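In the numbering used here, the protein residues as written are 21 to 190. We put the beta carbon where it would ideally sit given N, CA and C, even for glycine. Computed from a predicted model, the values in this text were never measured in an experiment. First the structure, in the form of structure tokens, and then the observations on it.
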Amino acid sequence: MKIRAATSDDLSAIRDIHVQSWRSSYAGMLPNDFLEAPLHAAMTDRWAQMPGDDVLLLVAEEDGLLGFACIRCDDVDGPLLDNLHVAGAVQGRGVGLHLMQALAKRLTGMGKTTLWLEVLEANTAARRFYDRLGGVEGPVFQDDLFGNPVPARKVIWDGFEKIFAPGEKS
């Protein structure tokens, strides 16, 4: 598996992984009618062009794209992991971990030592993954995904030790 910076040639595959991931991960959390055509249209708009210079967009590939991660580096609260999605067929093979490790390495090289994200409260698989990597959850708050209210939590990393060595006791 290779982790590399995304190019404009990757955007349609990123969109497809993003749509598929939301449909499988957020079924029952978001309205079914939104997860069909409206979601595809929203993601098509979102990935119509490469993000700006303040965004770090990485892809994992091996005979095609396996997943992607997107960090907004200019957020007022520090680097924001805006997206981390892995194609359903390869979930559980370490793609998400490799993307997180590559992001942490890049952030460290930029002198950054923190990272945060928002995760849906009901997305227990993602919450377990982030916990295993040392992310610390905050309290539940009401978020909004394309006009759909959902309970979510902020997850924060202050240092990347557990991302580089997941599951080890500190």
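query                                                                                           : result
Nearest-angstrom Cα separation, counted from Asp73 out to Leu100                                : 14 Å
Residue span of the alpha helix (DSSP H) that contains Phe149, given as start and end           : Thr144 to Arg152
Local Cβ density within 10 Å of Arg152, reported as buried at 16 or more and exposed below that : exposed
Distance CB(Ala124)-CB(Ile183) smaller than 7 Å                                                 : yes
Val156: first and last residue of the uninterrupted beta strand (DSSP E) it sits in             : Val156 to Leu165
contact_flag[the segment 41-57, the segment 161-168] where n(CB pairs < 8 Å) is 3 or more       : yes
Cβ-based neighbour list, Phe180, same chain, cut-off 6 Å, excluding 5 preceding and 5 following : Ala124
Minimum C-alpha distance to Leu31 - residue among Ala89, Glu56 and Ser45                        : Ala89
Given 8 Å, three or more beta-carbon pairs between the segment 134-142 and the segment 100-119  : yes
Which residues DSSP lists as bridging Leu100, in chain order                                    : Arg92 and Trp136
Test item: CB-CB of Gly87 and Leu119 under 7 Å                                                  : yes
Beta-carbon proximity of Ala172 to Asp164, cut-off 7 Å                                          : no
Residues sharing a beta bridge with Trp177, DSSP                                                : Leu135
Identified DSSP bridge partners for His105                                                      : Phe88
Run of the alpha helix (DSSP H) containing Arg24, from where it starts to where it stops        : Looking at the DSSP string, Arg24 is not in any alpha helix (DSSP H); the run it does join, the beta strand (DSSP E), is Lys22 to Ala25.
Local Cβ density within 10 Å of Met63, reported as buried at 16 or more and exposed below that  : buried
Burial state of Val106, where buried means 16 or more other Cβ atoms lie within 10 Å            : buried
Spatial distance of Arg147 from Ser44 (CA atoms)                                                : 16 Å
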